[in-house]
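A quick write-up on the structure given underneath.
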């Protein structure tokens with residue numbers, strides 16, 4: 606991911622601690638800001654400018 610220039614990763618997913626744990630483990634040694642959002646509303650509260658993302662989930 607670093608080779609591709611990733612600086613941040615956002616995951617939209619239901620509240621599933623096992624999945625979060627697995628994904629977190631994949632990213633833990635990389636210097637990348639990783640965020641988990643349990644709903645599209647939670648994500649859009651932080652990033653309202655990306656409201657088009659809601660169409661991807663329907």
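In the working numbering, the protein residues as written are 606 to 663.
Built from N, CA and C at the ideal position, the CB exists for glycine as well.
Which value, in whole angstroms, describes the spacing of the CA atoms of residue 637 and residue 612? Cα to Cα, the separation comes out at about 5 Å.
According to DSSP, what are the bridge partners of residue 617? By DSSP's assignment, residue 617 forms a beta bridge with 642.
Taking C-alpha atoms, which residue in 618, 617 and 634 lies nearest to residue 607? Ranking the options by Cα distance to residue 607, first place goes to 634.
Comparing alpha-carbon positions, which option in 649, 630 and 618 lies nearest residue 643? Of 649, 630 and 618, the residue nearest in Cα terms is 618.
With a 10 Å radius around its C-beta and 16 neighbouring C-beta atoms as the bar for buried, classify residue 655 as buried or exposed. Residue 655 comes out exposed.
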